[in-house]
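Asks:
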Amino acid sequence: MTPPPPPAPRRPLKILQVASHFPNWGGAEIHILNLTERLLARGHDVTVSCRPGYFVEREAQQRGFKIFHATVRKQQDWQDARPYGRFIKENKFDVVHSHWRADYLVAPTLARLAHVPVVVMSHHSPYPLQLKEVLFFPRFIRNRFIALSESVRQTLIRCGLRPDSVVTIHHGTDIAAFQKTTIPPESVRAEWGIPAGRVVIGIAGRLASEKGVTDVVRAMGNRPELPLHLVLIGAGKLEDEIRALCEARDLKDHVTFAGFRTDVNNAIAALDALILPSTWAEPCAAVVQQAMALGKPVVGTNTGGTPEMIVHEETGFISEPGAVDRMGDVLARLCAMTEEERSEMGERGRVRVESLFTLDIMVDKIEQLYYSEWECARQKNKGKVAQ
5 MTPPPPPAPR RPLKILQVAS HFPNWGGAEI HILNLTERLL ARGHDVTVSC
55 RPGYFVEREA QQRGFKIFHA TVRKQQDWQD ARPYGRFIKE NKFDVVHSHW
105 RADYLVAPTL ARLAHVPVVV MSHHSPYPLQ LKEVLFFPRF IRNRFIALSE
155 SVRQTLIRCG LRPDSVVTIH HGTDIAAFQK TTIPPESVRA EWGIPAGRVV
205 IGIAGRLASE KGVTDVVRAM GNRPELPLHL VLIGAGKLED EIRALCEARD
255 LKDHVTFAGF RTDVNNAIAA LDALILPSTW AEPCAAVVQQ AMALGKPVVG
305 TNTGGTPEMI VHEETGFISE PGAVDRMGDV LARLCAMTEE ERSEMGERGR
355 VRVESLFTLD IMVDKIEQLY YSEWECARQK NKGKVAQ
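This is the structure we're talking about:
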């Protein structure tokens, strides 16, 4: 029997990544840059549309990406639409991919007017769409929304988008890069001045009310018998309030304010467990994947995309947002575990993240979505010509 011929090689795509409204460093910005870098490595022709002076532009320049300076300032800003539309039309893009709701109208509409086959929008936020967006997108945009967690997908569906128009593609982490620590954990602990014999837990991120940091401090204050030490890796407007709470609960010697660090992997590697006590719906917190990649148990709250990554009692624990007593019980369970048991739990997390949440897995799924939508558009055009 003659074997079937091999599939025809897929031609590289010409892609515009739209990131006009990301002024600072954060998860969405890193996602766009990493996605662009991996797509370029696969042979695609990728341009990043961004505003001058923003973080994405600076980082894109350093990485040698092609850049188009978009000056769109808000969702319905059509003032500079003409040069933007001309740029999209002249470049004959196969895909235009917008990454924030402020870019959901102008760039996709101009792409449709320029007959771009594939228009994709990623929703990096847990917040719902507005009614005007729900009415506009299915009628004029038509292609796919990417939700970065199933929680976000369900939010978009509840807003009125068709279920078949929204696909879940979890954010992925560059696991290999994050696992390359450069400072031994014991050296980091010594830098923090943590006494021997303590179970070291950490929170990595902004010190803001929605991050639930004070819930963990209160839980520790309620359980003074636990040999815990909390490290706060990050900075934010809530720092003074947290310091005052630590003073009031007699926890000054059990909490370290490590500040912002660029080597977050070295900091997390020095922990016994990572805590993500957020009270808001974290869409798909990269720090959960990063801690799992380093073999650390993760304690998260039952909100947003966090329960999609953590398997309760297998790779970590799930608590309820704002439930201080429940958090105290979880911390007690962590302390009751032996070092070997915590290590085994973290190892199960490492296996899980490497099989489900890597950067390459994410890029594979996005690339496949591009191609499937591009092929659908091509077949539709063939049908129109035949008619």
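Position one of the sequence shown corresponds to residue 5 (my numbering), numbered consecutively onward.
Note that beta-carbon positions come from the ideal geometry of N, C-alpha and C, so glycine has one too.
Bear in mind the structure is a predicted one, so any value in this text is a computation, not a measurement.
(1) Check each candidate in ARG265, LEU230, ALA223, GLY240 and name the one with the smallest Cα separation from CYS250.
(2) Here's the rule: buried if 16 or more other CB atoms are within 10 angstroms of the residue's CB, otherwise exposed. What is ALA274?
(3) Can you tell me where the beta strand (DSSP E) holding ALA151 begins and where it ends?
(4) Could you work out which residue in VAL204, ALA111, ASP168, VAL302 is closest to PRO189 when comparing CA atoms only?
(5) Quick one: is VAL60 buried, meaning 16 or more other Cβ sit within 10 Å of its Cβ, or exposed?
(6) Taking only runs of the beta strand (DSSP E) that begin and end inside the stretch 224-280, which ones reach a length of at least 3 residues, in chain order?
(7) Given that a residue counts as buried once 16 or more other Cβ atoms are within 10 Å of its Cβ, and exposed if not, what is GLN21?
(8) Out of curiosity, what's the CA-to-CA distance linking ILE365 and ASP254?
(9) DSSP three-state label for THR362, please.
(10) Can you look up GLY304 in the DSSP assignment and give me helix, strand or coil?
(11) Buried or exposed: VAL355, going by 16 or more other Cβ atoms within 10 Å of its Cβ?
(12) Identify every residue that forms a DSSP beta bridge with HIS35.
(13) In angstroms, rounded to a whole number, what distance separates the CA positions of GLN2 and PHE182?
(14) Using DSSP's beta-bridge definition, name the partner residues of VAL50.
(15) If we call anything under 8 Å between Cβ atoms a contact, is HIS175 one with ALA340?
(16) Taking the alpha-carbon positions, what's the GLU318 to GLY89 distance?
(17) Taking the alpha-carbon of GLU214 as reference, which of PRO287, PRO281, GLY197 has the nearest alpha-carbon?
(18) Who are the Cβ neighbours of LYS93 in its own chain at under 7 Å, not counting the five residues just before and after it?
(19) Measuring alpha carbon to alpha carbon, tell me which residue in ASP267, ALA151, PHE261, ILE314 is nearest LEU242.
(20) What's the gap between the Cα of GLU4 and the Cα of THR218?
(21) Could you give the distance in angstroms between the alpha-carbon of PRO228 and the alpha-carbon of ALA32?
(22) Please work out which residues of its chain come closer than 7 Å, Cβ to Cβ, to ARG157, disregarding the five sequence neighbours upstream and downstream, and give them in chain order.
(23) Are the stretch 113-128 and the stretch 94-104 touching by the rule of at least three beta carbon pairs closer than 8 Å?
(24) CA-CA distance, ALA390 and GLN383?
(25) Kindly indicate the opening and closing residues of the alpha helix (DSSP H) around THR319.
(26) Flag this pair as yes or no: are the beta carbons of LEU234 and VAL259 separated by less than 8 Å?
Replies: On the basis of the supplied data:
(1) Walking along the sequence shown from the start, residue 250 turns up at place 246. When only C-alpha atoms are compared, the closest one is ALA223.
(2) Counting from one through the sequence shown, the residue named residue 274 turns up at place 270. With 16 or more Cβ atoms within 10 Å of its Cβ, ALA274 is classed as buried.
(3) Translated into the one-based positions of the sequence shown, residue 151 becomes position 147. Residues 149-151.
(4) For this step, residue 189 is matched to residue 185 along the sequence shown. Cα-wise, what sits closest to PRO189 is VAL204.
(5) Taking the sequence shown and counting its residues from 1, one reaches residue 60 at position 56. So VAL60 counts as buried.
(6) Every beta strand (DSSP E) stretch that sits fully inside the stretch 224-280 and reaches 3 residues is listed by chain position as 232-237, 259-261, 277-280.
(7) Here residue 21 is taken as the residue at index 17 of the sequence shown, counted from 1. Within 10 angstroms of the beta-carbon of GLN21 lie 16 or more other beta-carbons, which makes it buried.
(8) Along the sequence shown, one-based indexing puts residue 365 at 361. Along the sequence shown, one-based indexing puts residue 254 at 250. Roughly 45 Å between the two C-alpha positions.
(9) Here the question's residue 362 lines up with position 358 in the sequence shown. Strand at THR362.
(10) Numbered from its first residue, the sequence shown carries residue 304 at position 300. Here GLY304 sits in strand by DSSP.
(11) Start at 1 with the first residue of the sequence shown, and residue 355 comes out as number 351. With a threshold of 16 other beta carbon atoms within 10 Å, VAL355 falls short and is exposed.
(12) As a working note, residue 35 is residue 31 in the sequence shown. Beta-bridge partners assigned by DSSP to HIS35: none are found.
(13) No information on residue 2 is available, as it lies outside the stretch 5 to 391 that the chain covers here.
(14) Position 46 of the sequence shown, counted from the start, is the residue given in the question as residue 50. Looking at the DSSP assignment, VAL50 forms a beta bridge with ILE19.
(15) Within the sequence shown, numbered from 1, the residue matching residue 175 stands at position 171. Within the sequence shown, numbered from 1, the residue matching residue 340 stands at position 336. Cβ distance not < 8 Å, so HIS175 and ALA340 don't count as in contact.
(16) One-based indexing of the sequence shown puts residue 318 at position 314. One-based indexing of the sequence shown puts residue 89 at position 85. Taking the CA atoms as reference points, GLU318 sits about 51 Å from GLY89.
(17) In the sequence shown, residue 214 corresponds to position 210, counting from 1. Among PRO287, PRO281, GLY197, the Cα nearest to that of GLU214 belongs to PRO281.
(18) For the purposes of this step, residue 93 is identified with residue 89 of the sequence shown, where counting begins at 1. For LYS93, where only same-chain residues beyond five positions count, the Cβ hits under 7 Å are ALA118.
(19) What you label residue 242 is simply residue 238 of the sequence shown in a count that begins at 1. In terms of CA proximity to LEU242, PHE261 leads the group ASP267, ALA151, PHE261, ILE314.
(20) Residue 4 is absent from the model: the chain starts at 5 and stops at 391.
(21) Indexing the sequence shown from 1 puts residue 228 at position 224. Indexing the sequence shown from 1 puts residue 32 at position 28. If you draw a straight line from the Cα of PRO228 to the Cα of ALA32, it is about 38 Å long.
(22) On the sequence shown, residue 157 is found 153 positions in, with the first residue counted as 1. Taken in chain order, the residues that qualify are ALA151, VAL170, THR172.
(23) Contact check between the stretch 113-128 and the stretch 94-104: three or more CB pairs, one atom from each, fall below 8 Å, which counts as touching.
(24) Taking the first residue of the sequence shown as 1, we reach residue 390 at position 386. Taking the first residue of the sequence shown as 1, we reach residue 383 at position 379. Confidence in ALA390 is poor, its pLDDT being 47 and thus under 50, which makes the residue's placement unreliable; the coordinate value appears in the next sentence. One C-alpha to the other measures close to 11 Å.
(25) The count along the sequence shown starts at 1 and reaches residue 319 at position 315. Counted as a single uninterrupted DSSP element, the stretch harbouring THR319 is not any alpha helix (DSSP H), since DSSP gives it neither H nor E.
(26) What you label residue 234 is simply residue 230 of the sequence shown in a count that begins at 1. What you label residue 259 is simply residue 255 of the sequence shown in a count that begins at 1. Result yes, Cβ atoms of LEU234 and VAL259 sit closer than 8 Å.
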